[in-house]
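*Asks:*
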Amino acid sequence: MDTLFVYGTLMPNCPNGHVLENIVGKFVPATVQGELIGAGWSASMGYPGIKLGQPTDTVHGFLFYSHNLEDNWEY
-15 MDTLFVYGTL MPNCPNGHVL ENIVGKFVPA TVQGELIGAG WSASMGYPGI
35 KLGQPTDTVH GFLFYSHNLE DNWEY
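What the sequence shown shows, in our numbering, is residues -15 to 59, in sequence order.
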């Protein structure tokens, strides 16, 4: 895996952006279609969950490209 769609708290300069900041990579603006779900701990911060599939919402974020992503990600 070398590409990750990032939105909400994982975006640069957001509360959890530090998770990706030490991984060499590139952020490119992107959108996905899905349904925003107002549940979970991040929803209270203005970042609802997303269920990909039926396009009821456009979610703005970034594609994060890195050849080192998989080496830095715990499954």
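Ideal placement from N, C-alpha and C gives every residue a C-beta, glycine not left out.
1. Relative to the alpha-carbon of tryptophan 57, which residue among Pro39, Asn0, Thr(-7), Leu4 has its alpha-carbon at the smallest distance?
2. Let's see if you can read the secondary structure: which residues bound the beta strand (DSSP E) around leucine 47?
3. Whole-angstrom Cβ separation of threonine -13 and tyrosine 49, contact assumed at under 8 Å?
4. Along the alpha helix (DSSP H) that carries leucine 4, what are the first and last residues, could you check?
5. According to DSSP, what are the bridge partners of leucine -12?
6. Identify, in the order they occur along the chain, each residue of the same chain with its Cβ nearer than 7 Å to the Cβ of lysine 35, setting aside the five sequence neighbours on each side.
*Replies:* Looking at the atomic coordinates:
1. Leu4
2. 41 to 49
3. 6 Å
4. Start and end: 2 to 5.
5. Phe48
6. Gly18, Glu19, Ile21
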